[in-house]
Amino acid sequence: MFAELKTYEAQNGDCNVPKGSSEYRPLGTWVNSQRALYKKGKLSRERTRLLEGVGFDFYPDETAWDKMLADF
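Have a look at this one:
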């Protein structure tokens with residue numbers, strides 16, 4: 010799935026796979042699982058490093074909120 014995420018990022022400019030997308034459903038599920046594991050402290054350092062290397066946002070809702078406040 011990591012290779013698919015890299016492809017998605019190259020095509021879309023970010024790793025924020027839409028949650029309800031039928032086209033990207035398996036990837037979206039995997040992305041959400043990675044975020045959940047990270048938040049529980051169960052994602053390996055190696056996986057964390059790889060995801061950070063492609064610009065993965067572990068807290069996309071907070072990032073969106075911060076951007077909205079900054080634009081306000």
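Using the numbering used here, read the sequence shown as starting at 10 and increasing by one per residue.
Note that the Cβ used here is the ideal one computed from N, Cα and C, for glycine as well.
- prompt: Which word fits Leu78, buried or exposed, when buried means at least 16 other C-beta atoms lie within 10 angstroms of its C-beta?
  reply: exposed
Among Arg54, Ser30, Phe65, Pro35, nearest to Glu18 - alpha-carbon criterion: If we check each option's Cα against that of Glu18, Phe65 comes out closest.
query: Are the CB atoms of Thr57 and Tyr47 nearer to each other than 8 Å?
result: Their beta carbons are under 8 Å apart, which means Thr57 touches Tyr47 by this criterion.
task: Would you decide whether Gln20 is buried or exposed? Buried here means 16 or more other CB atoms lie within 10 Å of its CB.
output: exposed
query: What is the DSSP secondary structure of Ser42, counted as helix, strand or coil?
result: helix
- request: Have a look at Lys28 and Gly62 and give me their C-alpha separation to the nearest angstrom.
  value: 22 Å
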